[in-house]
Structure formats: structure tokens, C-alpha cells
Ligand code: HSE
């Protein structure tokens with residue numbers, strides 16, 4: 006047998022932890038594409054076992070004969086070279102992934118919460134063992150964005166990463182915008198269609214997007230950014246009224262993840278954001294994701310596609326699996342995440358953006374001037390002011406120029422304390438091109 010054909014028959018043992026929407030698709034695709042994958046790897050992927058929590062639940066699966074509830078023993082088997090973690094959660098997968106790395110196995114994970122919370126510990130373990138740790142599927146599923154940040158842009162200086170990184174919330178906001186329906190009705194629709202989880206809290210409160218923002222910011226700025234460093238505000242308080250007011254102003258509302266480098270400081274935040282309807286992110290509909298990366302030499306790059314779902318997520322897992330398996334067969338190792346720059350994380354109060362403040366006020370002489378005084382007293386310049394009749398009161402919508410979060414928050418507190426201000430209905434940040 007030639008060296009080449011010996012290589013073709015090298016077996017790469019794979020353990021899959023989890024058999025949910027993503028795990029079952031990973032196994033299906035490995036089966037369906039096995040011949041192509043063998044050529045691409047120079048060896049065969051052999052599934053040595055699939056760890057699940059309940060054998061009975063999966064007894065009709067084509068992979069039932071490979072299943073075990075003892076994930077740790079599966080990981081420790083000598084014939085397992087690579088571990089694919091698609092369980093979800095943090096504490097239990099963290100133990101399993103660390104055990105795998107410490108045992109010299111490369112790891113592929115789709116688990117954004119785990120990577121965003123524990124990247125330092127995981128990277129160190131992978132470095133010590135000299136193995137690969139890949140997580141393309143953790144951010145925006147099928148959309149290749151981790152690879153470009155890690156490799157293609159490794160020679161450039163990234164200054165911003167901005168985009169829509171959660172499909173469930175984009176579906177809800179898009180449906181509210183196109184039908185005029187309420188948040189609760191569209192959340193129910195997203196749940197019915199299977200976009201939102203039975204417990205959609207992580208999606209709608211922005212935690213899923215915040216984990217993704219932490220991962221993107223870390224890679225983009227070569228600085229360790231964890232989920233705790235990301236300011237996070239979800240979409241559950243967005244009303245049909247907010248969406249209508251946005252429409253009237255030629256805008257729409259999206260949940261954006263915004264990671265920026267400003268001099269030697271970086272920031273990452275997730276919040277509902279008003280954008281003009283002609284902004285490229287405004288046309289991202291349904292459960293699609295889109296991410297802009299802006300780098301000094303490359304300019305602006307846009308990544309768009311399926312950011313959720315079993316098959317799209319499995320596609321990204323398989324890409325990583327082929328890369329790690331090639332390294333097992335041919336030697337070598339992908340570079341880990343570099344955090345050498347160690348830039349300071351800006352305090353959220355310093356971050357500057359523009360604001361849309363919607364309030365109900367007394368329709369009396371001098372009220373507008375007194376409200377404007379609050380903004381100017383804090384050094385915040387107003388860009389537009391719009392007033393509409395609202396029963397006995399007036400609805401006042403103020404749009405500011407750029408100002409620090411801390412200053413705007415101070416003004417909002419003062420507005421709430423004014424007798425003439427009946428309610429501050431919403432404060433929504435704005436992004437323009
Ligand atoms: N629940 C996520 C979303 C997909 O709706 O985008 C997995 O991150």
C-alpha cells in the first residue's frame with residue numbers, strides 16, 4: 006500500500022456529546038458525506054460513541070447502538086481523538102471539555118455560553134495539551150465569521166464588529182415591523198415555528214447575543230472579553246408603539262451586537278437599536294443573521310446567512326471537525342485565540358452613541374424648554390424634537406447627537422423626576438451608517 010493510501014485509511018475517532026437538534030444533524034451529515042470527508046481529511050471519521058442523558062429518549066435513532074450515558078468514559082477512550090460538544094449549558098460541558106483537552110483530545114464546540122464565560126481556561130488547557138479548540142458554530146451558526154477573524158484578518162487591525170447575531174429576536178422584531186403585531190404575539194409565533202426555545206429568556210433578554218459579542222470582540226481585538234464585560238439589554242420591552250414610531254421616522258428596530266475599538270479601549274454591547282430603513286442591516290429579515298466587520302486595511306466586510314438551526318449549525322461543526330481531523334492525520338495545530346493586545350475594556354458609562362427618548366409630557370407653555378434644558382445642562386446636543394398630540398398630554402420624541410451613556414442616564418433620571426414629564430416611555434439607541 007502506498008503512503009498515500011495508508012493515510013487514506015487512518016481512522017480519526019470522534020466522540021459526540023449531545024444528540025439534540027445539532028448533534029443529530031452532525032451525525033447525519035458525517036454519514037451522508039463520509040466519502041468526501043475522507044478525501045478532504047486524508048483519513049476516515051469514525052464515530053466511537055454518542056453521549057446522551059436518556060437512552061430511552063433516543064432508542065429509535067439510527068445512532069442508538071453508539072449511545073452511552075457515561076460521557077466521561079467515552080471521552081477517555083484511547084481510540085477517541087476528537088470530542089464534539091453540542092450539549093449546551095455551562096457547568097457540565099465545561100467539565101467534559103476540560104477533561105477532553107487535558108486528555109489530549111481536540112474539541113469542537115457549538116457552545117457560545119461556555120466559550121464566552123471560560124475561554125481563558127479552555128484556551129490554556131488546549132495550549133498545554135497542544136490540541137485544537139474550535140468553535141465556529143458558537144457564533145451565527147453556518148456563517149463563517151470566527152475563521153475570518155482568526156485567520157483571514159490576522160494581519161489587519163479590526164476596529165468594529167456589528168450585527169444581528171440572534172435569529173429568534175430578529176424574527177420577532179421583523180414580524181412586529183411587518184405586521185404591526187405585539188411583542189407577546191410574535192414571541193408566541195416564534196415559539197410555534199420552533200425558532201424560540203420553550204424558555205426563550207436567553208434569546209429575548211439578549212444573553213445569547215451577548216455571549217456571541219464577547220467571542221467576536223475577543224477575537225477581533227486580541228483581548229479577553231467575557232460575557233460579563235458585555236452590556237446587555239433585550240427586546241422584551243419593545244412595544245408595537247416603538248416600532249410604529251420608528252416606521253414613521255423611516256427607521257426599524259434591530260437587536261444589535263456592537264463591538265468597537267476606540268483608541269486603546271474596547272467595548273461590547275447588545276441592545277435594541279434604531280437604524281434607518283436603508284441601512285444594510287434593516288433588510289435582514291426573519292431569523293437570518295448578518296455581521297459587519299470593519300478593519301483598517303480590509304475596509305468593511307459583510308457576512309450574512311443562516312444563524313440558527315440544526316443543519317446550518319452542523320455545517321459549521323463539520324468544517325471545524327475536518328480541520329481538527331486533518332491536523333490529527335497530518336500533524337500541526339491551528340493557532341489558538343490570541344489575547345496579546347490585552348486592551349482595556351471601556352466602562353459602559355463612557356460608551357458614546359445617539360439616543361431616541363420617547364416621553365409623555367404636559368402640553369403646557371415652557372415644558373419643551375425645561376426638558377431641553379435638562380439635555381443641554383448635561384452637555385447633550387439635540388438633533389431632532391418631534392411632538393404629537395396624545396390625549397390631554399403631548400408625546401415628545403427627542404433624538405440626540407452622540408453622548409456618553411452615563412450622561413444620558415443622568416438626564417433620564419432627571420426627566421423622570423419632573424412633574425411635567427408624565428412618563429419616559431422608552432430610551433432606544435440609534436446607529437446610522
Ligand atoms: N437561539 C439562537 C438564535 C441560535 O435564535 O439565534 C443559537 O445561538
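Numbering (my numbering), first residue to last: 6 to 438.
Beta carbons: idealized from backbone N, C-alpha and C, even for Gly.
Residues near residue i in its chain [Cβ-Cβ closer than 6 Å; skip 5 each side]
i	result
residue 173	195, 200, 201, 208
residue 426	364, 366, 420
residue 48	15, 17, 334
residue 392	399, 401
residue 302	161
residue 216	117, 118, 121, 232
residue 198	none
residue 2	The chain is shown only over 6 to 438; residue 2 falls outside these bounds and no answer can be derived.
Ligand 1 heavy atom lying under 6 Å from the CB of residue i
i	result
residue 383	no
residue 199	no
residue 23	no
residue 213	yes
residue 203	no
residue 325	no
residue 310	no
residue 171	yes
residue 147	no
residue 374	no
residue 219	no
residue 363	no
residue 193	no
residue 313	yes
residue 179	no
residue 208	yes
CB contact flag (residue i, residue j, <7 Å)
i	j	result
residue 243	residue 277	yes
residue 76	residue 22	yes
residue 137	residue 321	no
residue 88	residue 130	no
residue 388	residue 406	yes
residue 146	residue 285	no
residue 310	residue 148	yes
residue 422	residue 111	no
residue 356	residue 266	no
residue 264	residue 166	yes
residue 354	residue 411	yes
residue 280	residue 259	yes
residue 128	residue 337	no
residue 403	residue 390	yes
residue 415	residue 377	no
residue 91	residue 169	no
residue 99	residue 63	no
Between the CA atoms of residue j and residue i - distance to the nearest angstrom
i	j	result
residue 96	residue 106	16 Å
residue 306	residue 299	6 Å
residue 171	residue 154	19 Å
residue 162	residue 374	45 Å
residue 193	residue 291	15 Å
residue 10	residue 70	Per-residue confidence for residue 10 stands at a pLDDT of 47, beneath the threshold of 50, marking its modelled position as unreliable; no derived number is given.
residue 109	residue 86	8 Å
residue 186	residue 28	35 Å
residue 248	residue 73	49 Å
residue 181	residue 395	22 Å
residue 441	residue 312	Outside the shown range of the chain, which is 6 to 438, sits residue 441, and nothing can be said about it.
residue 46	residue 213	32 Å
residue 436	residue 287	11 Å
residue 82	residue 158	37 Å
residue 79	residue 56	7 Å
residue 452	residue 239	The structure shown does not extend to residue 452, since the chain is modelled only from 6 through 438, so no value can be given for it.
residue 294	residue 134	34 Å
residue 268	residue 36	49 Å
residue 397	residue 189	28 Å
residue 332	residue 226	26 Å
residue 218	residue 235	7 Å
residue 327	residue 241	39 Å
Sequence-distant residues of its chain with Cβ nearer than 8 Å to residue i (five each side left out)
i	result
residue 140	113, 114, 115, 116, 117, 120, 151, 220, 325
residue 228	222, 271, 344, 346, 347, 348, 350
residue 184	191
residue 5	Any answer about residue 5 is impossible in this case: the structure gives the chain only from 6 up to 438.
Other residues of its chain near residue i: CB distance less than 7 Å, five sequence neighbours each side excluded
i	result
residue 449	With the chain represented from 6 up to 438, any question about residue 449 goes unanswered, as that position is not in the structure.
residue 283	none
residue 319	27, 30, 31, 34
residue 125	229
residue 517	This structure leaves residue 517 out entirely; the chain is present only between 6 and 438.
Review point. Does the count of Cβ pairs from the stretch 52-65 and the stretch 21-35 closer than 8 Å reach three?
Key: Cβ pair count under 8 Å is three or more, so yes.
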